[in-house]
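See below for the structure under consideration.
Numbering (this note's numbering), first residue to last: 7 to 284.
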């Protein structure tokens with residue numbers, strides 16, 4: 007007897023005659039268990055997104071803390087200005103640039119420019135308030151010539167910001183183009199601020215006026231740049247990445263300059279110290 011496929015199908019139907027519903031349900035349950043045990047591409051993507059969001063929250067909180075310490079590093083200088091009623095040789099330019107730099111990043115993080123950037127908004131809002139206070143204290147305790155220069159500087163910043171906001175909202179109609187336009191100027195003013203900071207470091211070393219807190223400040227700047235660079239990599243924000251990578255590099259250079267200065271001074275001290283006769 008030749009058994010064909012039709013015969014096997016018929017036999018299967020006969021054997022299944024009393025239990026087809028039960029077997030069908032068992033097959034469906036087994037198939038569901040197999041599907042549940044193997045994560046789908048959508049599930050993997052969702053888990054990745056959740057992990058990325060959690061990482062962004064953690065990095066954003068850490069970045070806010072490190073950035074606050076960077077802003078607060080100016081407190082000893084501002085307190086000395088307030089206490090002595092004199093700005094000494096400290097220039098106002100880092101303070102004035104700090105205001106427009108913070109405003110630029112606050113504007114960049116707005117929902118109509120670059121949405122979902124709350125950590126950037128919070129940290130730069132705090133920085134803006136602190137810079138405004140620092141500028142007021144400096145303005146009150148400086149001479150009339152410097153005050154006039156500061157006023158002209160603020161007017162120029164206001165005109166520039168007004169033009170930037172207008173051109174951003176009128177000329178560009180998408181988040182990508184607005185982010186690119188504003189982000190460019192954020193990085194531009196960040197470079198200016200880092201350049202001024204590095205200039206102060208070089209001047210302090212040349213004047214041999216290096217203090218231990220400057221070493222700590224450079225280390226905090228380095229760590230702050232690393233944290234925000236990691237945030238930018240997870241979020242894939244090239245403008246935050248460029249500025250903070252540069253900030254980490256500048257912080258590292260400052261740290262190495264201070265370490266080199268201390269090593270040279272220590273070597274000179276040991277070399278010039280009197281040696282007891284044996």
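Virtual Cβ for every residue (Gly too), placed ideally from N, Cα, C.
Residue 202 has its alpha-carbon roughly 20 angstroms from the corresponding atom of residue 153. Its chain contains 223, 226, 227, 230 as the residues whose beta carbon lies nearer than 8 angstroms to that of residue 76, once the 5 sequence neighbours on both sides are disregarded; these appear in chain order. The beta carbon of residue 254 sits closer than 7 angstroms to those of 228, 231, 232, 235, all from its chain and outside the five residues before and after it, given in chain order. Under the three-state reduction of DSSP, residue 121 is assigned to coil, being neither helix nor strand. With a minimum length of 3 residues, there is no unbroken run of beta strand (DSSP E) contained wholly in the region 54-93. With contact defined as three or more Cβ pairs closer than 8 angstroms, the region 141-149 and the region 93-103 are in contact. Residue 199 has its alpha-carbon roughly 18 angstroms from the corresponding atom of residue 164. Only residues of its own chain outside the window of five on either side were considered, and among them 105, 108, 109, 112 have a CB closer than 8 angstroms to the CB of residue 134, listed in chain order. If you draw a straight line from the Cα of residue 58 to the Cα of residue 183, it is about 24 angstroms long. Counting C-beta atoms within 10 angstroms of its own C-beta, residue 124 has fewer than 16 neighbours from the protein chains shown and is therefore classed as exposed. Proximity to residue 209 across 64, 97, 66 peaks at 97, based on C-alpha coordinates.
Ranked by Cα distance from residue 102, the first of 89, 136, 73 is 136. Apart from sequence neighbours up to five positions away, the residues of its chain that approach residue 264 with a beta-carbon distance below 7 angstroms are 216, 220, 221, 224, ordered along the chain.
Inclusion of residue 180 and residue 119 in the CB contact set at 8 angstroms is not warranted, their separation being larger than that value. Pairing residue 156 with residue 192, the inter-Cα distance amounts to about 21 angstroms.
Taking 8 angstroms as the cut-off, the Cβ atoms of residue 252 and residue 206 do not count as close.
Assignment of residue 249 by DSSP, reduced to helix, strand and coil, places it in the helix class. With a threshold of 16 other beta carbon atoms within 10 Å, residue 117 falls short and is exposed.
Here the alpha carbons of residue 256 and residue 204 stand approximately 7 angstroms from one another.
Taking the Cα positions, residue 60 is about 51 angstroms away from residue 276. Sequence-distant partners of residue 249 (beyond 5 residues in either direction) whose C-beta falls short of 7 angstroms from its own C-beta, in its chain, are 192, 193, 196. If you check the CB distance, residue 144 and residue 63 do not come in under 8 angstroms. A buried status is given to residue 174, since no fewer than 16 other beta-carbon atoms sit within 10 Å of its beta-carbon. Across the structure, residue 162 and residue 129 are spaced so that their CA atoms are roughly 24 angstroms apart. For residue 179, no alpha helix (DSSP H) run applies, since DSSP gives it neither H nor E. Note on residue 246: 16 or more other CB atoms within 10 angstroms of its CB, so buried under the neighbour-count rule. Residue environment analysis places residue 72 among the buried positions, since at least 16 neighbouring C-beta atoms fall within 10 angstroms of its C-beta.
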